[in-house]
Ligand SMILES: [Zn+2]
């Protein structure tokens with residue numbers, strides 16, 4: 001698989017494309033509209049529901065809508081795959097020890113881009129740029145197995161204070177439903 005020649009992306013049918021601005025220009029314009037209506041909620045940085053959600057970065061996964069969350073309710077920690085990497089443990093540790101969260105929710109999803117990758121991605125990358133990345137791709141073939149592995153990484157971390165409420169799910173991008181994954185298969 002080539003790394004440097006991705007498939008052509010669908011053309012955005014947005015105002016920025018029509019007006020010649022970049023997508024970032026569009027985001028900045030949207031922010032101006034947002035700020036015009038914004039009222040300081042006067043909130044503390046500690047999440048109201050004392051929960052941290054670790055999820056894939058997938059664009060089809062709207063965590064706040066899918067989980068009925070409001071502003072200030074939770075921490076959201078996202079990366080490719082929703083994998084529990086050392087950096088996710090770093091964020092969870094800060095979330096629990098400095099900002100008071102107690103529950104951890106892990107969300108992977110159907111149709112994840114990582115299902116089609118292997119560690120060859122890393123080898124190909126090394127061949128292309130001449131430097132081996134320090135990180136693993138963390139590709140996986142089975143969603144449930146990977147959710148279980150992620151739960152296990154949270155439960156066995158020595159840095160976390162709260163490991164009794166750790167639950168893992170697979171989000172179906174075609175139905176919007178979450179399916180819980182049992183800790184043992
Ligand atoms: Zn994904």
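Numbering (full-length UniProt numbering), first residue to last: 1 to 185.
Virtual Cβ for every residue (Gly too), placed ideally from N, Cα, C.
Predicted model, so just to flag it, every value in this text is computed and none were measured.
Asked                                                                                                                                        : Found
Which residue's Cα is closest to the Cα of residue 74: 49, 91, 93, 81?                                                                       : 49
With a threshold of 7 Å, establish whether the CB of residue 63 neighbours any heavy atom of ligand 1.                                       : no
Should residue 142 go down as buried or exposed, given a rule of 16 or more other Cβ atoms within 10 Å for buried?                           : exposed
With a floor of 3 residues, list each beta strand (DSSP E) that falls wholly inside the stretch 97-137, ordered by position along the chain. : 103-109
Does any heavy atom of ligand 1 sit closer than 7 Å to the C-beta of residue 168?                                                            : no
Pop quiz: residue 83 and residue 134 are said to be a contact at Cβ under 8 Å. What is the actual Cβ separation, rounded to whole angstroms? : Contact flag wrong, Cβ pair sits at about 15 Å.
With a cut-off of 8 Å, do at least 3 Cβ pairs link the stretch 37-57 to the stretch 92-104?                                                  : yes
In chain order, what residues have a CB nearer than 7 Å to some heavy atom of ligand 1?                                                      : 56, 57, 58, 80, 81, 82, 108, 109, 112, 113, 114
Measuring straight from C-alpha to C-alpha, what distance separates residue 2 and residue 126?                                               : No answer about residue 2 holds up, because its pLDDT of 44 lies below 50 and its placement is not dependable.
How big is the Cα-Cα spacing for residue 37 and residue 131?                                                                                 : 47 Å
Based on the DSSP output, what are the partners of residue 29 in its beta bridges?                                                           : Answer is none; residue 29 lacks a bridge partner.
With DSSP run on the structure shown, which of helix, strand or coil describes residue 22?                                                   : coil
Which one or two residues does DSSP pair with residue 55 in a beta bridge?                                                                   : 78, 107
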